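Visitor: Handing you this structure, nothing more for now.
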Amino acid sequence: MLIYPAIDLYKGKAVRLYKGDYEQMTVYSEHPIEIALDFETKNAECIHMVDLEGAKNGDTPNIDTVKEIVAGTKLFSEIGGGIRSMQVIDKYLNAGVNRVILGTAAVNDRAFLEEASREFNKALAVGVDIRDGKVAIKGWTEKSEHDAFQFCHEMQEIGIKTIICTDISRDGAMRGTNLELYKELSEQLSIDIIASGGVSSMEDVIKLRDMKLYGAIIGKAYYTGAIRLDEAVRLAKSE
Numbered sequence: 010m011l012i013y014p015a016i017d018l019y020k021g022k023a024v025r026l027y028k029g030d031y032e033q034m035t036v037y038s039e040h041p042i043e044i045a046l047d048f049e050t051k052n053a054e055c056i057h058m059v060d061l062e063g064a065k066n067g068d069t070p071n072i073d074t075v076k077e078i079v080a081g082t083k084l085f086s087e088i089g090g091g092i093r094s095m096q097v098i099d100k101y102l103n104a105g106v107n108r109v110i111l112g113t114a115a116v117n118d119r120a121f122l123e124e125a126s127r128e129f130n131k132a133l134a135v136g137v138d139i140r141d142g143k144v145a146i147k148g149w150t151e152k153s154e155h156d157a158f159q160f161c162h163e164m165q166e167i168g169i170k171t172i173i174c175t176d177i178s179r180d181g182a183m184r185g186t187n188l189e190l191y192k193e194l195s196e197q198l199s200i201d202i203i204a205s206g207g208v209s210s211m212e213d214v215i216k217l218r219d220m221k222l223y224g225a226i227i228g229k230a231y232y233t234g235a236i237r238l239d240e241a242v243r244l245a246k247s248e
């Protein structure tokens, strides 16, 4: 299993939200590149980034910071947050990002999703952010009518290779990840699943690894020291 330590970007800073609430934001660093470099020293091979401003307005306000991280590290990089056009996908991939994540656009614009899937294939993932069993959109500020499990099956049928599934109620709450959710998804789907939201202990890492999930995102637990990143990376790779 791959570990994806996370950097959420807001006005060029590394921040974390509590349960997706922009009013409950903690700033962890004025210089996100320093955090990304620390990820490397802890033996991480990947990085998960979210442009929190882009998630709201569909633009790329933090792309200069993204470019700095991509150019300054050797980490496999993925980014989500407001990616709703082919132009924005091109912008990120041309900046050196390895994979882009569609969220709101995957829900609201199926024609665009299918076109992007055909065009970019493995360089494309879909973020499935779940609130009360439904898929949330627009930076988690709205809840769609799409059933989360049915939506995941539709993504597989379209040909999406990777989904990043977040239980919003667990995100940043430090009370453990939703193991039942990921167990059920892994049993139903044959595509790569990255677990996100509430991965807050080594026990979470071990249990997700034992489910043979493709990856797990570690956010707040890294910043608070609840999880030692180098140890998580080691455990995720062991049998």
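Numbering-wise (our numbering), the sequence shown opens with residue 10 and increments by one. Every residue, glycine too, gets a C-beta built ideally from N, C-alpha and C. If you're wondering where the values come from, they're calculated on a predicted model, not measured in any experiment.
Which residue or residues does DSSP assign as beta-bridge partners of L126?
Guide: In the sequence as displayed, the identity of residue 126 is Ser instead of Leu. DSSP output for S126 lists no bridge partner at all.
Visitor: If we call anything under 8 Å between Cβ atoms a contact, is Y19 one with A225?
Guide: No, they are not a contact pair.
Visitor: Taking the C-alpha atoms as reference points, what is the distance between G67 and D60?
Guide: Rounded to whole angstroms, G67 to D60 spans 10 Å at the Cα level.
Visitor: Work out the CA separation of A134 and Y191 for me, nearest whole Å.
Guide: Roughly 17 Å separates the two Cα atoms.
Visitor: Quickly, what does DSSP pair T140 with across the bridge? List them, please.
Guide: Correcting the residue type first, residue 140 is Arg in the shown sequence and not Thr. Answer by DSSP bridge pairing, in chain order: K143.
Visitor: Going by C-alpha distance, which of N117, K83, R127 and V75 is nearest L102?
Guide: That would be V75, whose Cα lies nearest to the Cα of L102.
Visitor: So within the region 187-233, which uninterrupted alpha helix (DSSP H) runs reach at least 4 residues, ignoring any that extend past its ends?
Guide: Runs of the alpha helix (DSSP H) inside the region 187-233: 188-197, 211-219 and 229-233.
Visitor: For L84, which option in M58, I215 and E39 has the closest C-alpha, if you only look at C-alpha atoms?
Guide: For the residues M58, I215 and E39, the minimum Cα distance to L84 belongs to M58.
Visitor: Can V97 and V79 be called in contact, C-beta distance under 8 Å?
Guide: Taking 8 Å as the Cβ cut-off, V97 and V79 do not qualify as a contacting pair.
Visitor: Could you check how far apart the C-beta atoms of G142 and I177 are, in whole angstroms? I think they sit under 8 Å.
Guide: Not confirmed; about 11 Å, so no contact.
Visitor: Using DSSP bridges, identify the partner residues of D27.
Guide: Asp is not the amino acid found at residue 27; the sequence shown has Tyr there. Per DSSP, D30.
Visitor: Leaving out five residues on either side along the sequence, give the residues of the same chain with a beta carbon under 7 Å from the beta carbon of V144.
Guide: Within the same chain, V144 has close Cβ partners V116, V137, D138, S153, H155, A157 and F160.
Visitor: Grab the span of the beta strand (DSSP E) containing I44 for me, first residue to last.
Guide: Per DSSP, I44 belongs to no beta strand (DSSP E); it is in the alpha helix (DSSP H), P41 to T50.
Visitor: Between G185, I215, L198 and I203, which has its C-alpha nearest A230's C-alpha?
Guide: Among G185, I215, L198 and I203, the Cα nearest to that of A230 is on G185.
Visitor: Where does the unbroken alpha helix (DSSP H) through A15 begin, and where does it stop?
Guide: That residue, A15, is in no alpha helix (DSSP H); its beta strand (DSSP E) goes L11 to Y19.
Visitor: When we look at the beta-carbon of A114 and count the other beta-carbons within 10 Å, is it buried (16 or more) or exposed?
Guide: Buried.
Visitor: What's the C-alpha gap between V242 and D73?
Guide: Rounded to the nearest angstrom, the two C-alpha atoms are 28 Å apart.
Visitor: Pick helix, strand or coil for K152, following the three-state DSSP scheme.
Guide: K152: strand per DSSP, three-state reduction.
Visitor: Nearest by alpha-carbon distance to G228: which of S209, A245, S86 and G90 is it?
Guide: Ranking the options by Cα distance to G228, first place goes to S209.
Visitor: Do L26 and G81 have their C-beta atoms within less than 8 Å of each other?
Guide: It is not a contact, given that the beta carbons lie outside the stated cut-off.
Visitor: Between the C-alpha atoms of M10 and K51, what's the straight-line distance to the nearest angstrom?
Guide: Computed Cα separation, rounded: 16 Å.
Visitor: Measuring alpha carbon to alpha carbon, tell me which residue in A245, E212, D239 and E240 is nearest K221.
Guide: The candidate whose alpha carbon is nearest that of K221 is A245.
Visitor: Is I173 helix, strand or coil when you go by DSSP?
Guide: Reduced to three states, the DSSP call for I173 is strand.
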